[in-house]
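Heads up: the protein sequence lines correspond to chains F and E, in order. Counted from 1, the first sequence has number 204 at position 204 by this note's numbering; the numbering is strictly sequential. One gets this note's numbering by counting positions in the second sequence from 1 and adding 241 to each. Where a beta carbon is used, it is the ideal one built from N, C-alpha and C, also for glycine. One structure is given below, encoded as C-alpha cells.
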Amino acid sequence: MVAVVTAMHMSDGLVNIPTAAVFGVVAVIGLGVAVSRARRDLDDRTAPMAGLVTAFVFAVQMINFPILPGASGHLLGGALVSVLVGPWVGSICIAIVLVVQALLFADGGLSTLGANITNMALISVFVGYAVAVALRGPARRSRAGLVATAFVAALVGTVGASLGFVLEYAIGGAAGASLGTVFALMVGLHALIGIGEGIITAATVGAVAAIRPDLVYLLRGSAAPLVLRGGTAAAAEGNGS
Amino acid sequence: MTRPSADRRAMGFFVGFLVMALLIAGGLSYFASSAPDGLDSVTLNGCVPNAAGEPEAGTCIAQNAQDSATAGSPLAGYAVGGGEGTTGLAGILGVVACLVIGGGLFWALRRRRGPTGQDEGR
C-alpha cells in the first residue's frame, strides 16, 4: 500500500534465513568490537559531534540522486563517518541510522538488518577508512588533499558495500538473477553512486575542515586512537586561533 | 576554567550542523529522486516495476522480497501515517531520533576526564 522508496537496504526475503542469521552474528560481533574501541575516541567534544554525524547521515541518506534514467542512489556515509569521527565510532553511527530506518521507517528488513549493518556500517566504513589512511599524507598536507582523499575513500567504500551484497547473495540469495549479473550490475551502479557519494563526502568533510579542523578524526595526531592527548592539544590550538 | 569563547564557537558549529541535517531531511527530501536506488535496480532487474516500485511481470530477485514487519509503523515509508507530503516531517523526526539515540549512547560511552585531566586538557 505504501510506495516505499528504500535506500540501499535489503528487504526481508532477499537472502535466506540462515544467511541472514550468519550476517546478524557478524554485525553483532563487529559492533561489539566497535563499541569497546569507540570509547577511547569519545570525549566531551567528540561525543556530541558523533551524535550529530549520526543525525546528518540519516538526513542525507533520504536524498536519492539520479544516476541513470530510472535509477538513483544515495549516500551510505561510511567514508564520511570514518573521516569525521573514526571507524569505530563511525560504524556505530551508521548502525544506529540503519536500526532507526528499519524499526521506525520500515526501510530495510528486520531479518536482513545484520546484512545491511555488515555492508554499510562495517564494510563501507572500514574500506573507506583504509583508503583514507592510505592517503593520509596528502590529506594532511592541504585542504585539497583532504577533499580528494574523502572523495576516493567514499567511492571505494561504496563499491565495497555493494560487494557485500554480492557475497550475501552468493551465499544464500533468493532466486531471480544469476550471480554474474548481480555482480556486474551492483558494481557498475555503485561505481556511479560512488561518484555522488564522493562528491557529498568531499563537500561535507571540506566544510567541517574549514570551520573546525580539530573535529576531523583523520587530521588528528598520528596513530589517533592512542594519542588523543595530542588531539586535545590540537583542539586547543584550533580554538585559540 | 574553560574559555567561554571556545565553547560558544563549538556550540555554534554543532547547532549549524544540526540545522543543516534538519533542512536536508525536512526540506531537500522533497526533491529526492523516487527512482529505485542501486540495490533496488539490481533486484528489480528482469521485472517491470509498478508505480509503487513492486515487481510485476518477469523474473527478478525482488519478487522474493517481503514486507517488513514494521511496514505498519506510523513512519513507514518516510511518511507520517502514510499521509502525502509528510516526508519532511518524517525526516525531521528521524533526525531527532538519531540525534537522541546516537548522542545519548556516545555521551554515555565517552571517556570522562578526571580532575587532573580536566586541567591538562585546557
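8 Å Cβ cutoff, residue i in contact with chain F
i	result
G318 of chain E	yes
I342 of chain E	yes
L259 of chain E	yes
R249 of chain E	no
G332 of chain E	yes
V283 of chain E	yes
A298 of chain E	no
G324 of chain E	no
G279 of chain E	yes
T357 of chain E	Low per-residue confidence applies at T357 of chain E: pLDDT is 49, beneath 50, and the placement is therefore not dependable, though the value from the model is reported in the following sentence. Taking Cβ atoms only, chain F never reaches closer than 8 Å to T357 of chain E, which makes this a no.
Cβ-Cβ distance between residue i and residue j below 8 Å
i	j	result
G329 of chain E	S246 of chain E	no
G108 of chain F	N116 of chain F	yes
A55 of chain F	L42 of chain F	no
L189 of chain F	V283 of chain E	yes
T158 of chain F	L80 of chain F	no
Y319 of chain E	F65 of chain F	no
G173 of chain F	G114 of chain F	no
G287 of chain E	G13 of chain F	no
T311 of chain E	A95 of chain F	no
R250 of chain E	A47 of chain F	no
G11 of chain F	Q307 of chain E	What sits at residue 11 of chain F in the sequence shown is Ser, not Gly. Yes, these two residues count as a Cβ contact at 8 Å.
A161 of chain F	M120 of chain F	yes
A148 of chain F	V83 of chain F	no
A132 of chain F	L218 of chain F	yes
D281 of chain E	G73 of chain F	no
Interface flag, residue i vs chain E, CB-CB below 8 Å
i	result
T118 of chain F	no
M10 of chain F	yes
S82 of chain F	no
I17 of chain F	no
L110 of chain F	yes
A174 of chain F	yes
R141 of chain F	no
Extent of the continuous beta strand (DSSP E) run through residue i
i	result
G73 of chain F	A71 to G73
F65 of chain F	F65 to L68
C93 of chain F	Careful: C93 of chain F lies outside any beta strand (DSSP E), inside the alpha helix (DSSP H) at P87 to L104.
A298 of chain E	P296 to G299
P290 of chain E	C288 to P290
Endpoints, the alpha helix (DSSP H) within which residue i is located
i	result
F151 of chain F	R143 to G172
D281 of chain E	G279 to L285
P18 of chain F	I17 to A38
Beta-carbon contacts of residue i that lie in its chain and below 6 Å, excluding the five residues immediately before and after
i	result
G267 of chain E	G329, G332 and I333
A298 of chain E	V289
Neighbour list for residue i in chain E, Cβ cutoff strictly below 9 Å
i	result
S91 of chain F	Result: empty, since nearest Cβ-Cβ is about 12 Å, beyond 9 Å.
T181 of chain F	V283, N286 and G287
R39 of chain F	L350, R351 and R352
Per-residue contacts from residue i into chain F (C-beta, under 7 Å)
i	result
V336 of chain E	A55, F58 and A59
T327 of chain E	Chain F residues near T327 of chain E: none, gap ~12 Å exceeds 7 Å.
Same chain, Cβ closer than 7 Å to residue i, five either side skipped, listed in chain order
i	result
W88 of chain F	A34, R37, A38 and D41
Beta-carbon neighbours of residue i, restricted to chain E and to distances below 7 Å
i	result
I193 of chain F	G279
Chain-order list of residues whose beta-carbon lies under 8 Å from that of residue i (same chain, five-residue window excluded)
i	result
V187 of chain F	V159, S162, L163 and V166
V125 of chain F	G78, A79, V81, S82, P87, G90, S91, I94 and G157
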